[in-house]
Structure formats: structure tokens, C-alpha cells
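Just so it is clear: in the first sequence, position 350 is 349 by numbering that gives the first Met the number 0, and no numbers are missing.
Everything on this sheet refers to the single structure shown next.
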Amino acid sequence: MFALVDCNNFYASCERVFQPRLEKRPVVVLSNNDGCIIARSNEAKKLGIGMGEPFFKVRPLIERHGVVVRSSNYELYGDMSQRVMQTLMRLTSDVEIYSIDEAFCDLTGFLHLDLEAYAWEIKDTVKRWTGLPVGVGIGKTKTLAKLANNTAKKSDGVTVLQTEAMTKAILAMTPVRDVWGIGRQYDKFLEKYGIRTAYEFAQARDSWIRKHMHVTGLRTAQELRGIPCIPLEEQPDPKKNIAMSRMFGRPVTELRELEEAIAMYATRAAEKLRGEGLHANNMLVFFYTSPFKEGFTGASLAISLPRATSYTPDLVRYATAAVRQEYRRGNAYIKAGLILSELTSPAREQLTLFDPVNDEKRIAIMQALDTVNRKWGRNTLFYAASGTQNRWSMRRERKSPSYTTRISDLLKVV
DNA sequence: TCTGGGGTCCTAGGACCC
DNA sequence: TCTGGGGTCCTAGGACCC
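The following block contains the structure:
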């Protein structure tokens with residue numbers, strides 16, 4: 000048996016923990032650059048504010064109903080997420096952190112318990128220790144636990160798929176697009192063949208599913224039938240890509256600003272890379288103008304690095320060179336970014352024959368840099384290439400304080 | 001005027017090898 | 001009458017997830 004624990008309206012709920020006056024009020028959280036709606040409290044959902052909708056489109060509705068709007072505050076959400084995960088690890092043994100607001104638990108060692116009571120204990124404890132509401136779904140496979148969690152959200156917060164009959168009943172009630180692994184395209188496809196519910200999908204012929212939806216689709220069907228195909232993964236696999244991209248706060252036309260931005264993204268990506276203990280062999284640099292406007296254009300350049308590296312100055316140099324090569328005067332760029340790929344572990348890399356590089360010195364410099372920035376905050380030390388003004392940086396006009404991660408933002412009780 | 005960011009897996013098809 | 005068989009590696013693109 001697996002449990003899926005999922006925080007309700009996670010970002011919106013995080014905002015509420017430290018501002019209880021937002022309780023019962025509609026709250027939404029915006030994406031980076033204050034562009035789209037990415038989280039909504041139940042009250043906001045009821046008003047008809049859709050997930051992913053551009054802020055400017057729903058703005059009249061939001062103002063009419065006095066909806067509370069927040070820019071996203073990942074410092075806060077990341078820290079609250081850790082608290083939830085730590086709580087779960089105290090309550091059960093095997094936990095897979097699936098996303099910032101969700102975790103799977105393997106309940107193999109807990110089958111002697113009353114699972115429903117146990118689910119309630121998880122829910123109540125997380126609420127008490129972190130202030131966040133969660134839903135708990137339990138089923139024979141991860142896909143069924145997900146499904147149960149879906150149901151839990153609509154009822155009182157806990158659903159356990161104990162018996163075959165109950166599982167079947169819930170499958171028959173669930174639209175197939177709500178199944179984990181079935182997205183918009185497959186939903187459309189399945190509808191053509193008259194498959195509308197999770198139950199109907201689970202009944203489809205294996206060879207037919209395999210042919211049209213490949214092995215992943217077949218796995219999903221098997222899981223719905225109660226046959227586990229997707230194991231719990233406690234240790235995350237090493238990352239295969241590290242990306243860093245942002246929309247600009249306003250269009251960028253100057254080469255120098257574009258270079259600054261990409262230098263900053265390269266710096267941040269290099270930090271992530273070192274955090275994973277990996278080196279990159281490949282870099283993709285891209286930037287483009289607005290796809291919503293006439294004359295949409297952009298550039299992307301893949302660079303095969305001559306030597307695997309996580310050394311910030313190297314990455315900054317290649318990234319800015321790519322920008323200089325592909326930049327075209329007269330374009331108003333709205334977004335830029337880079338992706339590091341072919342990540343390898345330094346221990347098993349091939350050195351080039353004539354390698355003039357003093358690795359020890361470079362490693363020591365990066366360690367010092369990371370240590371200072373960890374202790375004193377991001378960008379305490381930074382490369383001049385990323386500029387000092389950053390007029391292009393993203394908008395975050397309605398951000399709440401970093402209550403749990405900055406001493407200056409601590410909540411004051413007066 | 002204003003439309004997010006970061007990931008994974010799978011397959012088909014081409015290039016190439018013996 | 002009618003062009004072998006069996007592989008690997010790589011990439012682009014499509015699907016999905018949160």
C-alpha cells in the first residue's frame with residue numbers, strides 16, 4: 000500500500016500560515032514576473048479564476064472580489080516544504096519526495112494498523128506542526144494513491160481505497176483525464192474511442208494501450224488495476240539537466256543587458272551544478288522576443304564544452320560569448336535562459352592530454368564563493384559580468400516577507 | 001501594456017558499424 | 001527476378017508531471 004500526501008493549494012496556504020487574516024478569503028499566487036496565476040485558495044477557485052491564467056486577464060475579476068494577490072516567494076515555500084517532509088519522515092519510514100508539495104509513503108510496515116486512522120494522524124500532525132492543510136490518499140499502487148488523494152480533496156481530506164468494490168466505484172466516477180499520467184492529448188485521444196472514465200481505461204486491451212500509449216500508458220493501466228509498476232524512489236536519481244531561465248521585467252534591447260542576464264543565469268546554474276556535485280559537458284543558451292507579438296524571433300545555441308566543468312567563470316564566458324554571437328540589434332527580448340546537460344560526475348571524467356588547468360585552485364575558489372553566499376545570502380559575492388543594476392530583473396511586486404529564512408523578516412508580535 | 005519555470009521518459013528515424 | 005541481418009548511438013519531438 001502507498002499513501003500520497005499532498006498539501007492543499009500549497010503556495011496559497013503557505014501565505015496564510017503567517018497571515019491568518021487571509022483565512023477564508025480568496026488568495027492567489029502569481030508566477031515569476033507576476034505573469035500568471037499558479038496557485039489559488041478554494042475561495043479563489045470558486046470565483047472561477049483558472050489555473051495558469053494570465054494575471055492581466057483576470058485582474059478585473061480579482062479586484063471586484065477583493066482577492067488577495069501575492070508574488071511567488073520560493074524562499075518561503077521551499078522552507079515550508081522541508082518542514083512538511085521532515086514531519087512525514089518522523090511519521091513513516093519510507094518517503095519519496097515527489098514535488099515541492101507532495102510525497103509518497105510506502106506503508107508496507109504499517110498494514111497492521113487501521114489505515115484510515117493512520118491517515119488522519121498524518122493529516123492532523125502536519126497541520127499541527129507546520130500550519131499547512133494536507134490531503135491523504137491511500138491505495139495499492141502509487142497511481143491509485145494519487146487517485147484517492149484526488150477524492151480526498153473533494154471530501155474531508157482522507158480517502159483510503161480499502162476494498163476492490165470501493166476502488167472500482169471510485170475508478171468509475173473519475174474522469175480519465177484526472178488519472179496520473181493521462182494528460183490533455185491522451186484524454187482527447189481516449190475520448191475518440193469512447194473511453195471517459197478511469198475504469199473504462201483500466202478495462203482496455205493491453206495490446207491496444209501499448210500500441211497507442213506505449214509502455215508508460217500500459218504501466219498506468221496496470222497500476223489502476225492494482226498491480227504496482229512504479230516503485231517508491233527514496234533516493235532521487237542524479238539530475239540530467241539543470242536549467243535556469245527567466246522572463247525579463249521589461250523587454251531588453253541592449254546587448255550589455257542581455258549579457259548581464261545570461262551571466263547571472265550561468266552563475267546560478269553553476270551553483271546548482273556544484274550543489275549536485277556534477278560537471279556539465281553541454282550548454283544550451285537561448286533568448287527570444289515575445290511569442291504573442293508580430294515578428295516573434297529568437298536564437299538558441301548549443302555549445303559542447305571542451306572540458307566538463309562547474310567553474311562559474313568558464314560557464315559565464317561561454318554563455319556570454321553565445322549571446323554576443325546570436326544577439327541581433329533591434330529585437331526586444333523578453334526571455335533568456337540556459338540549460339546545462341550531459342552532466343557527469345568529476346570522479347569519472349576523461350582529462351584532455353594537455354590540461355593546463357589548476358583544478359585544486361579552481362575548486363577552492365568555488366568552495367569559498369559558495370560558502371560565503373550560503374552564509375551571508377545569495378549574491379553577497381558575485382561576478383561583475385552579471386552587472387549591478389539589473390534593471391531587466393523580474394517583477395515581484397507583491398511578495399510576502401521570507402518569514403522563516405531571513406532574520407530581518409521574522410514575524411513581530413506586538 | 002501585461003501570458004512561469006523546471007523537469008522526466010519514450011519513440012521514430014537517420015547515421016553508422018560489422 | 002526482385003538487394004542480409006543485426007546492432008548501437010544520437011537527436012528531435014511528443015507526451016507527461018508539478
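Even glycine gets a Cβ: it sits at the ideal position worked out from N, Cα and C.
Buried/exposed call for residue i, threshold 16 Cβ in 10 Å
{"i": "tyrosine 73", "result": "exposed"}
{"i": "tryptophan 207", "result": "exposed"}
{"i": "arginine 405", "result": "exposed"}
{"i": "lysine 139", "result": "buried"}
{"i": "threonine 162", "result": "exposed"}
{"i": "asparagine 148", "result": "buried"}
{"i": "histidine 211", "result": "exposed"}
{"i": "asparagine 32", "result": "buried"}
{"i": "tryptophan 391", "result": "buried"}
{"i": "phenylalanine 286", "result": "buried"}
{"i": "tyrosine 25", "result": "Residue identity differs from the one stated: residue 25 is proline in this sequence, not tyrosine. Burial call: buried."}
Residue i versus residue j: straight-line alpha-carbon distance, rounded
{"i": "methionine 246", "j": "leucine 112", "result": "50 Å"}
{"i": "threonine 288", "j": "serine 299", "result": "12 Å"}
{"i": "leucine 189", "j": "arginine 195", "result": "7 Å"}
{"i": "glutamate 52", "j": "serine 12", "result": "19 Å"}
{"i": "valine 284", "j": "phenylalanine 381", "result": "20 Å"}
{"i": "alanine 197", "j": "histidine 213", "result": "17 Å"}
{"i": "arginine 361", "j": "glutamate 325", "result": "29 Å"}
{"i": "threonine 379", "j": "glutamate 270", "result": "13 Å"}
{"i": "glutamine 184", "j": "alanine 201", "result": "18 Å"}
{"i": "glutamate 275", "j": "leucine 368", "result": "16 Å"}
{"i": "leucine 277", "j": "threonine 308", "result": "8 Å"}
{"i": "aspartate 186", "j": "tyrosine 310", "result": "45 Å"}
{"i": "leucine 90", "j": "alanine 144", "result": "18 Å"}
{"i": "asparagine 357", "j": "serine 401", "result": "39 Å"}
{"i": "glutamate 244", "j": "glycine 130", "result": "The residue asked about is misnamed: residue 244 is serine in this sequence, not glutamate. Their Cα atoms are separated by approximately 32 Å."}
{"i": "arginine 58", "j": "lysine 398", "result": "17 Å"}
6 Å CB neighbourhood of residue i in its chain, flanking five on each side removed
{"i": "glycine 156", "result": "Lys122 and Gly134"}
{"i": "leucine 114", "result": "Ile137 and Val159"}
First through last residue of the alpha helix (DSSP H) which encompasses residue i
{"i": "arginine 273", "result": "254-274"}
{"i": "serine 59", "result": "It should be pointed out that residue 59 corresponds to proline in this sequence rather than to serine. Looking at the DSSP string, the run of the alpha helix (DSSP H) that includes proline 59 is 54-63."}
{"i": "valine 83", "result": "73-90"}
Residue i: first and last residue of the uninterrupted beta strand (DSSP E) it sits in
{"i": "cysteine 429", "result": "Because the chain here runs from 0 to 413, residue 429 falls outside it and cannot be looked at."}
{"i": "isoleucine 241", "result": "240-251"}
{"i": "lysine 334", "result": "332-343"}
Spatial neighbours of residue i in its chain, beta-carbon cut-off 8 Å, leaving aside the 5 residues before and after
{"i": "lysine 141", "result": "Phe1, Leu3, Phe103, Trp179, Glu222, Pro227, Ile229 and Leu231"}
{"i": "glycine 47", "result": "Leu60"}
Same chain only: Cβ atoms within 7 Å of residue i, ignoring 5 sequence neighbours per side
{"i": "tyrosine 117", "result": "Phe109"}
{"i": "phenylalanine 54", "result": "Leu29, Asp33, Gly34, Cys35 and Ile36"}
{"i": "lysine 152", "result": "Asn7 and Gly134"}
Examine the Cβ distances between the stretch 224-237 and the stretch 83-102 and report whether three or more of them are shorter than 8 Å. yes
I want to know whether the stretch 330-341 touches the stretch 237-251 - three or more CB-CB distances under 8 Å. yes
Would you check if there are 3 or more beta carbon pairs closer than 8 Å linking the stretch 66-83 to the stretch 17-37? yes
Okay, do the stretch 1-12 and the stretch 32-43 touch, 3+ Cβ pairs below 8 Å being the bar? Result yes; three or more Cβ-Cβ pairs closer than 8 Å.
Check whether the stretch 167-175 touches the stretch 259-273, counting contact only when three or more Cβ pairs, one atom from each stretch, lie closer than 8 Å. no
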